[in-house]
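Here is the structure we will look at.
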Amino acid sequence: MFNNIHHVAIICSDYEKSKYFYTVILGFTVIAETFREKRESYKLDMKLSNGVQLELFSFPNSPIRPTQPEALGLRHLAFNVENIDEVVLYLRTNGIPVEKIRVDQDTGKKYTFFQDPDHLPLELYEQGDNQKLDI
Numbered sequence: 031m032f033n034n035i036h037h038v039a040i041i042c043s044d045y046e047k048s049k050y051f052y053t054v055i056l057g058f059t060v061i062a063e064t065f066r067e068k069r070e071s072y073k074l075d076m077k078l079s080n081g082v083q084l085e086l087f088s089f090p091n092s093p094i095r096p097t098q099p100e101a102l103g104l105r106h107l108a109f110n111v112e113n114i115d116e117v118v119l120y121l122r123t124n125g126i127p128v129e130k131i132r133v134d135q136d137t138g139k140k141y142t143f144f145q146d147p148d149h150l151p152l153e154l155y156e157q158g159d160n161q162k163l164d165i
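Here the sequence shown stands for residues 31 to 165, numbered as in my numbering.
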């Protein structure tokens with residue numbers, strides 16, 4: 031019934047800062063950019079090379095996202111990467127703080143977290159053949 035995730039939508043506080051973060055730092059390709067005058071809102075449609083899309087919205091006076099303790103709802107957005115060490119180095123070189131790399135005790139794969147300009151938690155999850163699911 032469901033094939034895959036088409037897109038994820040994010041609301042940001044500083045459109046230009048977030049646009050730069052997602053397109054220049056993270057490498058999303060812009061599909062379309064629209065200013066919706068009635069809503070005083072930008073909508074930026076972007077995609078990764080595999081077709082996964084991200085929508086970036088700006089709305090005036092959006093409430094800040096609750097973080098600690100975590101609120102109900104979407105917890106984080108995770109990106110599959112080939113070499114987590116290289117991506118972490120790249121992010122840190124571009125001034126993006128990244129947490130210490132950890133190993134998923136269920137799969138044996140490396141993962142870590144960083145944040146977008148509005149402190150939305152983003153995860154890096156290393157792909158590979160080291161599956162060790164003990165079900």
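Here a beta-carbon is modelled for each residue, glycine too, at the ideal position from N, C-alpha and C.
Straight-line CA distance for residue i to residue j?
i, j, result
"Lys68", "Ser48", "21 angstroms"
"Tyr141", "Pro147", "20 angstroms"
"His36", "Leu107", "13 angstroms"
"Ile114", "Gln135", "17 angstroms"
"Phe51", "Asp44", "11 angstroms"
"His149", "Asn91", "17 angstroms"
"Phe143", "Glu70", "32 angstroms"
"Asn34", "Val54", "25 angstroms"
"Gly138", "Cys42", "33 angstroms"
"Asn110", "Phe32", "20 angstroms"
"Arg132", "Glu112", "15 angstroms"
"Pro93", "Tyr120", "31 angstroms"
"Gln83", "Tyr72", "16 angstroms"
"Arg122", "Pro96", "25 angstroms"
What do you get for residue i, buried or exposed, if any count of 16 or more other CB atoms within 10 angstroms of its CB means buried?
i, result
"Phe65", "exposed"
"Ser88", "buried"
"Leu154", "buried"
"Glu46", "exposed"
"Glu116", "exposed"
"Lys162", "With a pLDDT of only 39 at Lys162, under the threshold of 50, the placement of this residue in the model should not be trusted; the figure read from the coordinates follows. When all chains shown are included, Lys162 counts as exposed."
"Glu156", "buried"
Rounded to whole angstroms, how far is the Cβ of residue i from the Cβ of residue j, which I believe are closer than 8 angstroms?
i, j, result
"Ile40", "Glu100", "With a Cβ gap of about 17 angstroms, Ile40 and Glu100 do not count as contacting."
Can you give me the Cβ contacts of residue i inside the same chain, cut-off strictly under 7 angstroms, excluding the 5 residues immediately before and after it?
i, result
"Gln145", "Pro151 and Leu152"
Apart from the five residues just before and just after residue i, which ones in its own chain have a Cβ nearer than 8 angstroms to its Cβ?
i, result
"Arg105", "Pro151"
"Asn124", "Ile55"
"Lys130", "Thr142"
Give every residue of the same chain whose Cβ lies closer than 6 angstroms to the Cβ of residue i, excluding the five residues on either side of it in the sequence, and list them in chain order.
i, result
"Val118", "Val128"
"Glu63", "Leu74"
(request) Could you tell me whether the stretch 71-84 touches the stretch 48-62, using the rule of 3 or more Cβ pairs below 8 angstroms? (result) With contact defined as three or more Cβ pairs closer than 8 angstroms, the stretch 71-84 and the stretch 48-62 are in contact.
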